[in-house]
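Asker:
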Amino acid sequence: MRCMKQAYDLGVNFFDASEKYSTGQLEIVLGRAVKRFRWKRSELVTYGAVGEGLAINSQSLSRKHIVEATLASLKRLDLEYVDIICAHRPDRLTPMEETVRAFNYLIEKGLAFYWGTSMWSADEITEACRIAKCLGLVAPIVEQPVYNLLDRHRVEGEYQHIYARCGIGLVVTSPLKTGILTGGCNYPNGARLADPQGGAKILNSKNVSHLHESMAYLRKVERLQVGVTQTPGIPACAEKNPANSPFWIDLESGYHTWHWHGV
């Protein structure tokens with residue numbers, strides 16, 4: 005809660021709270037922070053995601069789960085609505101029309117203002133927009149992709165034709181590649197990559213096995229006299245993309261909150 009307060013005081017007003025984060029505990033903490041610090045609801049943008057919970061039936065984008073998960077999320081947040089509700093990862097077992105109609109139901113009931121997607125392909129986003137247009141429904145307005153110096157192909161390539169065609173904006177995640185792109189790749193105590201279990205899992209993953217070479221390259225880049233270090237230079241690169249609005253970084257301490265101020 006202290007990190008949230010520091011972030012808010014520094015001008016941050018976009019908060020992500022999803023059913024998958026700490027089994028909903030993050031939503032409870034955020035809801036308490038809103039009440040304790042008397043933040044004006046009109047000045048906050050709350051972002052939620054459904055479709056990747058841990059319980060039975062929670063890993064889907066069926067009407068049942070979308071509605072039930074959103075109601076449960078609002079109860080934990082102790083809020084009347086979220087500003088944006090997101091479909092986290094595509095569900096190829098549920099008809100797209102059912103998913104589009106379910107998110108529109110949330111909007112019609114005043115439980116959310118907008119809806120979006122997360123980790124969807126350009127074709128899937130285009131299909132959702134096409135169905136919404138044919139049915140006279142609200143289409144997704146935002147996509148949440150991974151975007152950083154080492155993961156650029158989707159945002160800078162695959163998505164290029166949907167920004168204007170579908171009116172999609174971005175709220176990117178992982179601008180630091182799960183911490184791998186932090187300054188000098190030196191992991192202080194308490195850092196995610198310094199953790200013997202979690203850090204090893206990340207660094208040994210088949211998806212990032214090539215990053216040891218990339219990390220050596222990044223150390224050389226940081227030594228260049230260009231007036232900026234990896235921190236906060238790397239997330240600033242993500243911010244420069246014209247399709248991107250906010251991006252988020254996982255802040256684990258008050259120091260992190262202060263260190264990223266001004267990115």
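Convert by adding 4 to the 1-based position in the sequence shown; the result is the number in the numbering used here.
Note that CB positions come from ideal geometry on N, CA and C, so glycine has one too.
Can you grab the Cα-Cα spacing for the pair L139 / R6, in whole Å?
Answerer: For the purposes of this step, residue 139 is taken as residue 135 along the sequence shown, with counting starting at 1. For the purposes of this step, residue 6 is taken as residue 2 along the sequence shown, with counting starting at 1. Spanning the two alpha carbons is a distance of roughly 45 Å.
Asker: Three-state secondary structure (DSSP) at L81?
Answerer: Position 77 of the sequence shown holds residue 81. Of the three classes helix, strand and coil, the one that applies to L81 here is helix, per DSSP.
Asker: Can you tell me whether DSSP reads V16 as helix, strand or coil?
Answerer: Taking the first residue of the sequence shown as 1, we reach residue 16 at position 12. Three-state DSSP puts V16 in coil, outside helix and strand.
Asker: What is the DSSP secondary structure of A143, reduced to helix, strand or coil?
Answerer: On the sequence shown, residue 143 is found 139 positions in, with the first residue counted as 1. It is coil, neither helix nor strand.
Asker: Quick one: does A76 have its CB under 8 Å from some CB of chain D?
Answerer: Absence of chain D from the displayed structure is noted, only one protein chain being present.
Asker: With distances taken Cα to Cα, identify the nearest neighbour of G173 among E101, Q148, I89 and Q29.
Answerer: What you label residue 173 is simply residue 169 of the sequence shown in a count that begins at 1. Residue Q148 is the option with its Cα nearest to G173.
Asker: For W264, name the three-state secondary structure that DSSP assigns.
Answerer: For this step, residue 264 is matched to residue 260 along the sequence shown. Here W264 scores only 45 on pLDDT, less than 50, and its place in the model is too uncertain to base an answer on.
Asker: Relative to the C-alpha of L81, which candidate in F107, A136 and Y25 has its C-alpha closest?
Answerer: Here the question's residue 81 lines up with position 77 in the sequence shown. For L81, the nearest C-alpha among the options comes from Y25.
Asker: Hey, would you say Y85 sits closer than 8 Å to L48, going by beta carbons?
Answerer: On the sequence shown, position 81 is the one that residue 85 refers to. On the sequence shown, position 44 is the one that residue 48 refers to. No; because the gap between Cβ atoms is not below 8 Å, this pair is not in contact.
Asker: State the DSSP-derived secondary structure class of S122, mapped to helix, strand or coil.
Answerer: Position 118 of the sequence shown, counted from the start, is the residue given in the question as residue 122. Reduced to three states, the DSSP call for S122 is strand.
Asker: Do you know whose CA, among T177, I60 and I88, lies nearest D155's CA?
Answerer: On the sequence shown, position 151 is the one that residue 155 refers to. The shortest C-alpha separation from D155 is found at T177.
Asker: Could you compute how far the alpha carbon of A53 sits from the alpha carbon of I89?
Answerer: Residue numbering aside, residue 53 sits at position 49 when the sequence shown is read from its first letter. Residue numbering aside, residue 89 sits at position 85 when the sequence shown is read from its first letter. Roughly 6 Å separates the two Cα atoms.
Asker: Find out if the Cβ-Cβ distance for the pair G55, A21 is shorter than 8 Å.
Answerer: The count along the sequence shown starts at 1 and reaches residue 55 at position 51. The count along the sequence shown starts at 1 and reaches residue 21 at position 17. Not in contact: G55 and A21 (Cβ atoms no closer than 8 Å).
Asker: Would you tell me roughly how many angstroms separate the C-alpha atoms of V267 and M8, rounded to the nearest one?
Answerer: Counted from its first residue, the sequence shown places residue 267 at position 263. Counted from its first residue, the sequence shown places residue 8 at position 4. Only weak support is given to the placement of V267: the predicted model assigns it a pLDDT of 45, under 50, and the value that follows is read from those uncertain coordinates. Cα to Cα, V267 sits roughly 17 Å from M8.
Asker: Tell me whether H69 is buried or exposed, calling it buried when 16 or more other Cβ atoms sit within 10 Å of its Cβ.
Answerer: Numbered from its first residue, the sequence shown carries residue 69 at position 65. Answer is buried; the Cβ neighbour count reaches 16.
Asker: Using three-state DSSP, classify Y151 as helix, strand or coil.
Answerer: Reading the sequence shown from its first residue, position 147 is the one you call residue 151. The answer is coil: DSSP assigns Y151 none of H, G, I, E or B.
Asker: What's the C-alpha gap between S46 and F18?
Answerer: Numbered from 1 along the sequence shown, position 42 holds the residue referred to as residue 46. Numbered from 1 along the sequence shown, position 14 holds the residue referred to as residue 18. Cα to Cα, the separation comes out at about 12 Å.
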